[in-house]
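So the protein lines, in turn, are chains C and D. For reference, each letter of the first sequence is one residue, going -4 to 117 in this note's numbering. For reference, each letter of the second sequence is one residue, going 4 to 110 in this note's numbering. First the structure, in the form of structure tokens, and then the observations on it.
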Amino acid sequence: EVQLVESGGALVQPGGSLRLSCAASGFTFNAYWMTWVRQTPDKGLEWVANIKQDGSEKHYMASVQGRFTISRDNAKNSLYLQMNSLRTEDTAIYYCAKHTKPDFREDSFHYWGQGTQVTVSS
Amino acid sequence: DIQMTQSPSTLSASVGDIVTITCRASQSVTNRLAWYQQKPGKAPKLLIYETSTLQSGVPSRFSGTGFGTEFTLTVSSLQPDDFATYYCHQYSYYSWTFGQGTKVDIK
């Protein structure tokens, strides 16, 4: 059974940092692109970043470029999102998601974690 | 960025109704379009990908059509478990965006 379990969400002040983790199991982690998606009541679902199987290719949404870093550790079957210089508009539920087909960058998201809440507020 | 516009934003329907949700892309995404169902407090669930391919385990009352910029999700006979919010998602060349969602509630 595929499982994605996020952790690391918290309340943080503007300008602060946070590192999200996503523990994956039940599939061949190093065969799939992985993605972070966030959700707010106002903006709905937003793609945040994704990473190739071997970590050699990464893409970010414009508003987090330079502040967020996606990474993965295939030995630990884990995905990460390092978030720096956090802003109030980064407040959201953050989900990690597994791409549907192996080795596909442009792809739907077959499995999602349960999400972790990030709140940026003073 | 490719913008995705869903309509309607909300839809009131009864059990047994045929329900159709439309998604329009600001430029062609060919067939790179997925649909998700989300219930309160839960993560989105993949229903359909590549416009019309039903994800394993999804009831056959769900179907998807379209190409390019116009897409539809149809539920042929709405069931109690189908009251939820639905999102379209395009994943064309170096671009991944979602529609704003369509909430299907009980009439």
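For every residue, glycine included, the Cβ atom is placed at its ideal position computed from N, Cα and C. Remember, predicted model here, so these are calculated numbers, not experimental data.
Between the segment 29 to 43 of chain D and the segment 80 to 97 of chain D there are three or more inter-stretch CB-CB distances shorter than 8 Å, so the stretches are counted as touching. Those residues of the segment 95 to 110 of chain C placed with their C-beta closer than 7 Å to a C-beta in chain D are Thr95, Glu101, Asp102, Ser103, Phe104, His105, Trp107, Gly108, Gln109, Gly110, ordered along the chain. Non-local beta-carbon contacts of Val7/C in its own chain, meaning distances under 6 Å to residues more than five positions away in sequence, involve Leu13, Leu81, Val115 in chain order. The beta carbon of Lys96/C sits closer than 7 Å to those of Asp102, all from its chain and outside the five residues before and after it, given in chain order. In this structure, DSSP gives Phe22/C a state outside helix and strand, which the three-state scheme calls coil. Counting along the chain, no beta strand (DSSP E) covers Val61/D, and no H or E run does either. Going by beta carbons, Ile24/D and Leu81/D fall outside the 9 Å limit. A buried status is given to Glu1/C, since no fewer than 16 other beta-carbon atoms sit within 10 Å of its beta-carbon. In terms of beta-carbon proximity, Phe101/D lines the interface with chain C, with at least one pair separated by less than 9 Å. In terms of beta-carbon proximity, Leu40/C lines the interface with chain D, with at least one pair separated by less than 9 Å. The residues Leu49, Leu50, Ile51, Tyr52, in chain order, have a CB closer than 7 Å to that of Gln58/D in the same chain once the five nearest residues on each side in sequence are set aside. Taking 9 Å as the CB threshold, Thr30/C lines the interface with chain D.
Taken in chain order, the whole beta strand (DSSP E) runs of length 3 or more contained in the segment 15 to 70 of chain D are 22 to 28, 36 to 41, 48 to 52, 65 to 70. Contact of Leu49/D with chain C is assigned, a C-beta pair being separated by under 9 Å. Residue pairing for Val113/C: DSSP places it in a beta bridge opposite Ala87/C. Between the segment 11 to 23 of chain D and the segment 38 to 45 of chain C, the count of C-beta pairs closer than 8 Å stays below three; the two stretches do not touch. Within chain C, no C-beta atom comes nearer than 7 Å to that of Gly67/D; the closest sits roughly 11 Å away.
In the three-state reduction of the DSSP assignment, Asp49/C falls in the coil class, being assigned neither a helical nor a strand state.
Under the 9 Å criterion on CB atoms, Gly71/D is classed as non-interfacial with respect to chain C.
Relative to the Cα of Tyr90/D, the nearest Cα in the group Gln34/C, Cys91/C, Gln60/C belongs to Gln34/C. Gln103/D is positioned such that its CB atom lies no closer than 9 Å to that of Ser29/D.
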